[in-house]
Amino acid sequence: MKTEGSATSYLSAAELSVLALEGGSVPNGLKVKGSKTALLGVLMKRFKVEGLAWRLIDVDGLDGTERSIEIARELPSSDVVMLGGVSCAGFNLVDPLKLVEELGRPVLVVVEDPPNNEAVKAALLKHFPDWRERWRVFEELSLRAPVVKVEPREGSCVYLEAVGLPVEEAKRVVRELTRWGRTPEPLRAARQLVKGVTRSLLKVVRSHRGI
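The sequence shown: position 45 = 44 (numbering that gives the first Met the number 0), numbered continuously.
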């Protein structure tokens, strides 16, 4: 199991094989019950993309974790998994603790703004009858992985929750994988690529709907 005490401690971050997962978006005009968007996995090592895999996920659904596991198992094995947040495709969720349990790899959640779990809970209460199931993911993560601030470059910061890797080691990985701006390169690549995948999907949807 590639968790705490693993070989990640002895490798430069660039030598690690990192799987970054990012979800696409859906314009409000197309966000209806049953809408889907893309969840993309980008496997990167030495700042080069070594693999891509994607799945469709339900907007505001509950299949994000399952689809993430499928993506991870389709691609060659990684050393670390990175998420650009727990929620994707609206309030679909990727459960970091479940990923660690199923894949046996550390999971790093890296976001640009400080997490506000109280606002998340209020939104879930307002919009989702199954809010308890969704809230559980945020609550359990906060108990297992307190948010820490990381400065990948001078004058910039991100917020990190690390599961399965010591905090200082996780901070080092984030810093070493950030070359431009404040987003680690695997997540930056996944974010850009999923935009392209989503645009292509939207063209198909619009052509079928005559939009």
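For every residue, glycine included, the Cβ atom is placed at its ideal position computed from N, Cα and C. Remember, it's a predicted structure, so these values are computed and weren't measured experimentally.
Contact check for Ala-71 and Leu-18: beta-carbon distance about 6 Å, within the 8 Å limit, so the pair qualifies. Between Lys-44 and Ser-16, the alpha-carbon positions lie close to 5 Å from each other. Excluding sequence positions up to five before and after Arg-187, its CB lies within less than 8 Å of the CB of Trp-179 and Gly-180, all in the same chain and listed in chain order.
Counting every other CB atom within 10 Å of its CB across the protein chains shown gives Asp-78 a total of 16 or more, marking it as buried. The alpha-carbon separation between Lys-97 and Thr-64 amounts to approximately 7 Å. Boundaries of the alpha helix (DSSP H) around Trp-130: 130-143. The straight-line gap separating the alpha-carbon atoms of Val-146 and Glu-100 is approximately 20 Å.
A residue is called buried once 16 or more other Cβ atoms fall within 10 Å of its Cβ, and Asp-129, having fewer, is exposed. Between Arg-133 and Pro-151 the beta-carbon gap is near 30 Å, outside 8 Å, which marks them as no contact. A Cβ-Cβ contact shorter than 9 Å links Glu-21 with Val-193.
If you look at Leu-107, you'll find it isn't in any alpha helix (DSSP H); it sits in the beta strand (DSSP E) that goes 106-110. Here Gly-83 is buried, its C-beta having at least 16 other C-beta atoms within 10 Å. By the neighbour-count definition (other C-beta atoms within 10 Å, threshold 16), Asp-94 is a buried residue.
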